[in-house]
Amino acid sequence: MKKALGVDIGSRFIKAVLLEGGEFSVFRSLDTSFDPLERCKRLLEEMSAETVIATGYGRHLLEVHTDIRTITEIKAFARGARAMFPSCRTIIDIGGQDTKVISLNDEGIVKKFEMNDRCAAGTGKFVEIMAKALGYSLEDFGHVSPEGQAELQINSMCTVFAESEVISLITKGVGREEIALALHRSVANRVVSMVRRVALEEDVVFAGGCAKNNLLRSLLESGTGKTIKVAENPEITGALGAALYALEK
Amino acid sequence: MSGKDYTKMWEGLGLNLENHAGLLGALSKAYTDIYLAQKNRPKAMEYFDFVISEVHGLRIEEIVNAKESGRKVVGTFCVYVPEEIVLAADGVCIGLCAGAEVGSDEAEKFIPRNTCALIKAFMGFKLSRLCPYVESADLIVGETTCDGKKKAYESFNDITGKVYVMEIPHMKNAEDRKLWLSEVKRFKDKMEALSGKKISLEGLKKTAAVVNAKRKALQRLSKLRAADPAPISGLDALLVNQVSFYDDPQRFTEMTNKLCDELQERVSNGTGVAVKGAPRILISGSPMAIPNWKLHAIIEGSGAVAVGEESCIGERNHRDLLDENFSNVHEAMEKLASRYLGIDCACFTPNTERLDNIKALTKSLHADGVIHYSLQFCTPYMMEAYKAEKAVTEVPFMRIETDYSMEDFGQLKVRVEAFIEMLK
Ligand code: SF4
Ligand code: SF4
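Have a look at this one:
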């Protein structure tokens, strides 16, 4: 049975999906760490796949050091999301360093995409830093209730300024939940306007690790007015897409 | 970079020798990594390699010698400044480049942080005394194009005392044409006063032919890039366009035509720099001055070919010839004014010609996609990008905003690669 591997080398985690005979077999996730190449090499040995495709921010690492082919995370996400939701037309991914919105035609081909440029505003990194500033674990951060709180605004989208804004709100005695909600809202608003720029067509799929954050999901739903689909393990999307391409090789 | 020791000359021009050595070192390294590492380069690019290796050497020596023989050196920052007039007054015309992030700290003492990289760089180069072209210029011609440049020239003049500003209208109505014609004449008077030489009909005829010949050579190069496989990389073609701004015009024309002969042969043989069918990209937008090779390097490092630059360092500079059919100096001024006012810079409103030109180029160069490039904080081009996006309907289009720094290299690469994946 043919073994095909997809590796998604993100800024925070390395995710790998192994397909055996076309069927989902293994999913692994490792910290990217300071030596991602070493981690990837071990992963490759362990999985011993016949064909491999790498994607994600660190994909060229493998291309340079081995002869492994690469595709961008845009292409990988498109394929992975379609595999999970065959009628998907819009993909939202709030990644570690960049947030992207991808629009597909009805055959699943990428029509258009947008990425935030350069700064961390509205990315997974922003969410992570803010969770830390408020003393939440990343898991709990997304479980704040969206209801029953005042319309607090975080004005700054810059990670550094937003952090100091948060700190000054804390010292003013504003509740932690309230601040957390406002932060999520600021990220969601930014993403929603990106979605609108690209195209808002259903099904809308929220992929990538941040999709586990329920609060973000519901804010995105109210912002777009659409139901947003999330897979059981949304963090595998990119690796799965890469693995599906590897299968074809 | 070169064999000969030019230290004395640089010292004489007042350069900061230590920083200058650093700059040349960095330039040489970038050139080796980006240019010399390319495969299948045309043989005739050797001349341009040589020009780059002597960019602050031999060419400066020529300019210094020209100055000693009584000729005036004029630096310009915009393709609206009529080169023919400078040459007709026996001047040397240099398009100043400012394509590297240099001296931003110094520049930010005069201009705000969020100024476009090009303006920051020309201030930075001057303030850190790194550009022998600026230092050897007798006159620096500015123009009222974008607000950033307009205001920066005021400070630039405070620092150098050599700036002369041409007023460029922002529309193309009858009154604007009148204003521009009078500005062209005023520039002629200025050049005569500066050089102490009268600009004659004969002189204008001669220089019109010289500059047109240069444009024709560049047009030829541009047309050859329409072939598939592309006979020359976008990087190399960009370089030729960049060099056209400061090389001796006649020699440049000769060498560019030589390059085109070789490319012609490649086209006939069906050989090129990339495989046949490789994705072809038209770049449109803000100018890319030497050594700004960033976007081309990313595109071509990702398996596509840049087949054209709808830009001032590219099409906007050479697309239109000057009508040489004039029989007195006044008529020549009229022809010059109308040729230059035909340029479709985003500083004008409306500027629909540019959209038509982008569409036409996409077609004639058989581009599979268009990447619109704006320097960050360049409002005119950033704004027009949205119109261009709507105008280009036949092929995919992507907007990019960036500057000279390498900070966003990774992100840009993802975007460009994903764009190329869409074209396949
Ligand atoms: S973009 Fe406009 S202002 Fe800039 S060099 Fe070109 S014509 Fe001049
Ligand atoms: S790139 Fe744009 S902002 Fe910069 S000088 Fe040219 S027109 Fe002005």
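Protein chains in written order, with this note's numbering: chain A, 15 to 263; chain B, 495 to 918.
Note that CB positions come from ideal geometry on N, CA and C, so glycine has one too.
Check	Outcome
Exposed or buried, glutamate 648 of chain B, counting other C-beta atoms within 10 Å across all chains shown (16 or more means buried)?	exposed
Checking 8 Å against the spacing of the C-beta atoms, do leucine 166 of chain A and valine 188 of chain A come in under that value?	yes
Is glutamate 548 of chain B helix, strand or coil when you go by DSSP?	coil
Return the residues of the segment 895-917 of chain B that lie within a Cβ-Cβ distance of less than 7 Å from chain A, sorted by chain order.	Glu895, Glu901, Asp902, Gly904, Gln905, Val908, Arg909, Glu911, Ala912, Glu915 and Met916
Under a Cβ-count criterion, where at least 16 other Cβ atoms within 10 Å of its own Cβ denotes burial, should arginine 709 of chain B be classed as buried or exposed?	buried
Take valine 922 of chain B and list the residues in its own chain whose beta-carbon comes closer than 8 Å to its own, dropping the five residues that flank it on each side.	Residue 922 of chain B lies beyond the residue range present for chain B, which begins at 495 and ends at 918; the question has no answer from this structure.
Does ligand 2 have a heavy atom nearer than 7 Å to the CB of cysteine 872 of chain B?	yes
If you compare alpha carbons, which of B/Asn608, B/Lys691, B/Ala538 and B/Pro844 is closest to glutamate 878 of chain B?	B/Pro844
Would you mind reading off the limits of the beta strand (DSSP E) that contains phenylalanine 891 of chain B?	891-896
If we call anything under 8 Å between Cβ atoms a contact, is alanine 524 of chain B one with proline 781 of chain B?	no
Note down the Cα distance separating tyrosine 150 of chain A from glycine 20 of chain A, rounded to an integer number of angstroms.	32 Å
Please list, in chain order, the chain B residues whose beta carbon lies closer than 7 Å to that of aspartate 112 of chain A.	Gln905
Cβ of proline 781 of chain B versus every heavy atom of ligand 1: is any distance shorter than 7 Å?	yes
Can the beta-carbon of leucine 917 of chain B be found closer than 8 Å to that of alanine 826 of chain B?	no
Would you say the beta carbon of cysteine 610 of chain B is closer than 7 Å to some non-hydrogen atom of ligand 2?	yes
Starting from methionine 129 of chain A, find everything on chain B with Cβ-Cβ shorter than 8 Å and list it in chain order.	Gln905, Val908 and Arg909
Which residues in chain B have a C-beta closer than 7 Å to the C-beta of lysine 89 of chain A? List them in chain order.	Ala912 and Glu915
Using a beta-carbon distance below 8 Å, is valine 124 of chain A in contact with chain B?	yes
Near isoleucine 693 of chain B, what residues of its chain come up, given a Cβ to Cβ distance below 6 Å and the 5 sequence neighbours on each side ignored?	Ala582, Ala583, Lys682 and Glu686
Tell me the rounded alpha-carbon separation between alanine 256 of chain A and phenylalanine 27 of chain A.	15 Å
Count the other CB atoms, across all protein chains shown, that sit within 10 Å of the CB of glutamine 744 of chain B; report buried if there are 16 or more and exposed otherwise.	exposed
Compare the beta carbon distance of methionine 208 of chain A and arginine 909 of chain B with 8 Å and say whether it is the shorter of the two.	no
Less than 8 Å between CB atoms is the rule here; does tyrosine 71 of chain A satisfy it with respect to chain B?	yes
Between asparagine 608 of chain B and phenylalanine 891 of chain B, which are expected to be in contact by the criterion C-beta below 8 Å, what is the C-beta distance as a whole number of angstroms?	Asparagine 608 of chain B to phenylalanine 891 of chain B, Cβ: 26 Å. No contact.
The beta strand (DSSP E) with aspartate 632 of chain B in it runs from where to where?	Where aspartate 632 of chain B is concerned, there is no enclosing beta strand (DSSP E), given that its DSSP letter is neither H nor E.
How far does the alpha helix (DSSP H) with serine 232 of chain A in it reach, from first residue to last?	228-238
Going by Cα to Cα distance, which pick from B/Leu906, B/Phe913 and B/Gly585 is closest to glycine 690 of chain B?	B/Gly585
Apart from the five residues on each side of it in sequence, which residues of its chain come closer than 7 Å, Cβ to Cβ, to valine 66 of chain A?	Leu19, Val21, Leu58, Ile82 and Ala260
Quick check: arginine 671 of chain B and leucine 835 of chain B, are their CB atoms within less than 8 Å of each other?	yes
Do you know offhand how far alanine 147 of chain A's Cα is from leucine 855 of chain B's?	52 Å
Taking 8 Å as the CB-CB cut-off, is threonine 86 of chain A touching chain B?	yes
Report back the beta-carbon spacing between glutamine 713 of chain B and histidine 860 of chain B to the nearest angstrom; my notes put them in contact at under 8 Å.	That belief does not hold up - the Cβ atoms of glutamine 713 of chain B and histidine 860 of chain B are roughly 17 Å apart, past 8 Å.
Just checking my contact of arginine 4 of chain A with threonine 84 of chain A at CB under 8 Å: how many whole Å lie between their CB atoms?	As shown, chain A starts at 15 and ends at 263. That puts residue 4 of chain A outside it, with no answer to give.
Around the C-beta of leucine 33 of chain A, are 16 or more other C-beta atoms found within 10 angstroms, so that it is buried, or is it exposed?	buried
Closest to alanine 791 of chain B by C-alpha separation, out of B/Gln532, B/Lys498, B/Met503 and B/His514, would be which residue?	B/Gln532
How long is the line joining the alpha carbons of leucine 51 of chain A and leucine 254 of chain A, rounded to whole angstroms?	20 Å
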